[in-house]
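Colleague:
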Amino acid sequence: MLTIKKILYPIDLDTPGENIVRQAVSIARQFGAQLHFLYVNHPQAGYRTPYNNEDEVALAVRGNISWDELSDVVVHYATSKGELEDEVNNYCEAQKIDLILISHKHHSKLYLKLFDTAQECIVNRADIPVMVLPLSKDTAP
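When you line the sequence shown up against this note's numbering, it's residues 886 to 1026, in that order.
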């Protein structure tokens, strides 16, 4: 039987995520699991990325959800720099993560023919279960 004690949500802080953060917290609460938020800085982002440490990620996440909603869930915040799928995979191995949550963004057919999405890259590299959370229609790009 699958035991879920640690859940990772690689968070995209450039997209409004109140709905997804709430869903991630709710799922962690249902499993009685720790919730890890990981923000990955792409190597080419350089100075343009404002989230360089765990405190900045925590503040951004807490801007999407109230303190009360987080009170009964153990939450960890982390940052990393590199390719998203590599950093997610490395974090999962290091922290012994049991489940990855990803949000789903809708893209045009042309975009999908030319590029792999970040979500596809994570799924393709994952050695553990991945759960896809849909963005609400009002926050979808």
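Ideal Cβ placement from N, Cα and C applies to all residues, glycine included.
Taking DSSP's pairing of strands, which residues face P895 in a bridge?
Modeller: In the DSSP output, where bridge partners are listed per residue, P895 has L923.
Colleague: Tell whether a beta-carbon distance below 8 Å holds between Y962 and V946.
Modeller: Result yes, Cβ atoms of Y962 and V946 sit closer than 8 Å.
Colleague: When the Cα of L1018 is compared with those of K966, Y894 and L923, which residue comes out closest?
Modeller: With distances taken between Cα atoms, L1018 lies closest to Y894.
Colleague: Taking the straight line between their C-alpha atoms, what separation do you get for N926 and Y976?
Modeller: Answer to the nearest angstrom: the Cα atoms are 14 Å apart.
Colleague: Could you pull the start and end residues of the alpha helix (DSSP H) that L887 belongs to?
Modeller: Where L887 is concerned, there is no enclosing alpha helix (DSSP H), given that its DSSP letter is neither H nor E.
Colleague: Hey, quick one: how far does the alpha helix (DSSP H) through A963 stretch, first residue to last?
Modeller: Per DSSP, A963 belongs to no alpha helix (DSSP H); it is in the beta strand (DSSP E), V960 to K966.
Colleague: Identify the continuous beta strand (DSSP E) that holds P1019 and give its terminal residues.
Modeller: Per DSSP, P1019 belongs to the beta strand (DSSP E) from V1015 to P1019.
Colleague: If I measure Cβ to Cβ from I950 and keep anything under 8 Å in the same chain, skipping five residues before and after, which residues do I get?
Modeller: Correct list, in chain order: E903, V906, R907 and V910.
Colleague: Note down, in chain order, each residue of its chain lying with its Cβ closer than 7 Å to the Cβ of E939, except the 5 sequence neighbours on either side.
Modeller: Correct list, in chain order: Y962, A963 and T964.
Colleague: For A979, count the other beta carbons within 10 Å of its own beta carbon; 16 or more makes it buried, fewer makes it exposed. Which is it?
Modeller: Counting Cβ neighbours within 10 Å, A979 comes out exposed, since fewer than 16 surround it.
Colleague: May I have the straight-line CA-CA distance separating Q919 from I889, to the nearest angstrom?
Modeller: Approximately 9 Å, taken between the alpha carbons.
Colleague: In angstroms, rounded to a whole number, what distance separates the CA positions of C1006 and D957?
Modeller: Roughly 32 Å separates the two Cα atoms.
Colleague: Grab me the residues of V896's own chain with a C-beta within less than 6 Å of its C-beta, minus the 5 sequence neighbours each way, in chain order.
Modeller: First, the residue type needs correcting, since residue 896 is Ile and not Val in the sequence shown. The residues are F922 and Y924.
Colleague: My assumption, with CB atoms under 8 Å, is that L969 sits in contact with I1013. Please give the rounded CB distance.
Modeller: At roughly 16 Å, the Cβ-Cβ gap does not stay under 8 Å, so L969 and I1013 are not in contact.
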